[in-house]
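What follows is a single structure, written as structure tokens, with notes after it.
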Amino acid sequence: GEDGRMGICTDLQSVSGSDTLYKLYVGGGIKARDIKVKSNLWADYVFDNNYKLMPLTVLEDFIKINKHLPGIPSANEIENNDGFEVGAMQQKLLEKIEEQSLYIINLQKQIDELKKLVNENK
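Following our numbering, the numbering of the sequence shown begins with 2 at its first residue and continues without gaps.
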């Protein structure tokens with residue numbers, strides 16, 4: 002198009018709203034061998050000493066009430082926003098993976114401490 006946008010199997014005239022921010026529109030699926038997403042967002046901050054991991058009881062309550070993980074959009078939010086940004090979602094998913102790793106490490110430490118207490122009381 003004249004404004005630098007390009008469409009494949011779609012009519013650019015039908016593109017409106019926030020979708021006009023994009024440069025490529027495809028009216029069907031996309032198959033590729035590889036996709037590289039350039040992003041300034043990454044979740045290494047989870048491993049900073051000052052990162053506050055949500056207590057598991059608070060996490061459990063959040064999940065029971067909201068039916069999704071904190072910081073992850075709900076199915077309704079994804080639907081209402083007409084999808085999600087892949088780069089931002091990758092960052093959020095990595096954040097959750099890193100948080101889960103910290104929870105597992107903390108649980109293992111608790112297990113080890115309990116084993117030690119059991120062995121001391123034998």
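Positions of the beta carbon are idealized from the N, C-alpha and C atoms, including for glycine. None of the values given here were measured: they were computed from a predicted structure.
Which value, in whole angstroms, describes the spacing of the CA atoms of residue i and residue j?
i, j, result
"G88", "I31", "17 Å"
"W43", "Y23", "22 Å"
"F85", "G8", "19 Å"
"L115", "E121", "10 Å"
"L108", "L60", "15 Å"
"I66", "I79", "18 Å"
"S15", "T21", "10 Å"
"I36", "D83", "21 Å"
"R34", "Y104", "35 Å"
"I73", "Q91", "11 Å"
"D12", "S19", "16 Å"
Please look up how many angstroms separate the CB atoms of residue i and residue j, rounded, as I've assumed it's under 8 Å.
i, j, result
"I64", "L70", "7 Å"
State buried or exposed for residue i, treating a residue as buried only when at least 16 other CB atoms are found within 10 Å of its CB.
i, result
"E100", "buried"
Item checked: At least 3 beta-carbon pairs within less than 8 Å: the region 89-106 vs the region 45-52 -> yes
Check: Enumerated in chain order, which unbroken segments of the beta strand (DSSP E) with a length of 3 residues or greater are wholly contained in the region 17-41?
Finding: 25-27
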